[in-house]
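Comments concern the structure below.
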Amino acid sequence: MKVSGKIALVTGAAQGLGKSFAAALLKNGAKVLISDVNSEAGKATLKAFQDKYGENNVMFVRADVTSQAQMEAVFQQVRERFGGLDIMSNNAGIIGETREVWEKTVDVNLKGVIRGTNLALDLMRRDKGGRGGVIVNTASIAGLMAVPGAEVYTATKHGVIGFSRSWARSPLCADNGVRVNVLCPSFADTALLPRGGSADGDVGKYMDEHGVMSPEYVAEGFLDLVQDDSKNGAVLKMGEKLGKVYVEY
Ligand SMILES: NC(=O)c1ccc[n+]([C@@H]2O[C@H](COP(=O)([O-])OP(=O)(O)OC[C@H]3O[C@@H](n4cnc5c(N)ncnc54)[C@H](O)[C@@H]3O)[C@@H](O)[C@H]2O)c1
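This note's numbering puts the first residue of the sequence shown at 1, with every later residue one more than the last.
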């Protein structure tokens, strides 16, 4: 898919990987709705993007991916103000393992991606007046391996991969011109990482093994999954030392 002139929606786009995906799309000529639960950071990112890419090419809508009503409002905005949807990035995610917050990790990382995919499909489906499109869901290398100490996070990311690959093979997506791909980054330099780029125990060991990528590098893999029309159901793992590798099933 050629990005220029297309309409995109990115969740968790106020900072980190989502911000770098939105920047890559804007740089290539798309109009982008950035959405995030953090309105302060979202507004700052909006201002920076408007200064660089033009006032009318980007908008920010505050929304929590765990809220059906808020997410419906986001999709309504992208339809009414930009005129549809071609590219969806379900990217918002958290790490939360404790007894108090593990359910929120499932709500954001897995249920949020399911919600965003369902709503994107509603807008993209040709049989409902859409024009097809591509959905890229952010999983993690943790979706492809066991990560002691991050059991819930790892479960959600395995879930994102299975969910996305299943949609990619569905007749509904094939008949409606929708591709669904998954990005599985290893460590990238965002607020999600343990501060200072180092950690104890298994996570520290994995960080040494894999290295730490810049968000801009991860955005290159994201763009590959958007632009390459031959990729559907593709799972792209990326790492500073690994580079970009498509997973074979
Ligand atoms: N940074 C890494 O090393 C790494 C590696 C693999 C996968 N990932 C995945 O990449 C994605 C982005 O993470 P990041 O590293 O940019 O982290 P980040 O913390 O920098 O950014 C995540 C963004 O998501 C937003 N967010 C959190 N909960 C939300 C909610 N309920 N609704 C809407 N927005 C919400 C946050 O406000 C934040 O802006 C996540 O899915 C994460 O699991 C990150």
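Using N, Cα and C, we set each Cβ at its ideal position, and we do this for glycine too.
| Asked | Found |
| --- | --- |
| For I7, which of A14, G211, A13, A30 has the nearest alpha-carbon? | A30 |
| Do the stretch 45 to 56 and the stretch 117 to 129 make contact, defined as three or more Cβ pairs closer than 8 Å? | no |
| Would you mind reading off the limits of the alpha helix (DSSP H) that contains N118? | 112 to 124 |
| Using a Cβ-Cβ cutoff of less than 6 Å, which residues in the same chain neighbour S164 once the five nearest sequence positions on both sides are dropped? | N137, V180, V182 |
| Rounded C-beta distance between V10 and S89? I'm assuming under 8 Å. | 4 Å |
| Short of 8 Å in beta carbon distance, which residues of its chain neighbour A73, apart from the five on each side in sequence? Order them along the chain. | V61, A63 |
| Is it the case that the stretch 233 to 248 contacts the stretch 138 to 151, given that we only count it when at least three CB pairs across the two stretches are under 8 Å? | yes |
| By alpha-carbon positions, which one of T66, N38, A69, F82 ends up nearest to M59? | F82 |
| Within its chain, find whatever has a CB closer than 6 Å to the CB of D107; leave out the 5 residues flanking it on each side and keep chain order. | T66 |
| Mind the definition here: the stretch 165 to 175 touches the stretch 205 to 218 only if three or more C-beta pairs lie below 8 Å; say whether that holds. | no |
| Could you give the residue range of the beta strand (DSSP E) that holds N176? | Not the beta strand (DSSP E): N176 falls in the alpha helix (DSSP H), residues 171 to 176. |
| Using 6 Å as the cut-off, classify the Cβ of V250 as near or not near the heavy atoms of ligand 1, replying yes or no. | This structure does not reach residue 250, given that the chain is present from 1 up to 249, and the question cannot be answered. |
| Taking the continuous alpha helix (DSSP H) assigned at T98, which residues delimit it? | It is not in any alpha helix (DSSP H) - T98 carries neither H nor E in the DSSP assignment. |
| Kindly indicate which residue of G149, K157, D208 has the alpha-carbon position closest to the one of E99. | Note that residue 99 corresponds to Arg in the displayed sequence, not to Glu. Cα-wise, what sits closest to R99 is G149. |
| Answer with buried or exposed for G133, where buried requires no fewer than 16 other C-beta atoms within 10 angstroms of its C-beta. | buried |
| Taking 6 Å as the cut-off, is the beta-carbon of L25 closer than that to any non-hydrogen atom of ligand 1? | no |
| Helix, strand or coil for A48 per DSSP? | helix |
| Residues bridged to T156 by DSSP? | In the DSSP output, where bridge partners are listed per residue, T156 has none listed. |
| Please classify A30: does DSSP put it in a helix, a strand, or coil? | coil |
| Identify the residues that DSSP records as bridge partners of N56: which are they? | Beta-bridge pairing links N56 to no other residue. |
| If I measure Cβ to Cβ from P194 and keep anything under 7 Å in the same chain, skipping five residues before and after, which residues do I get? | V203 |
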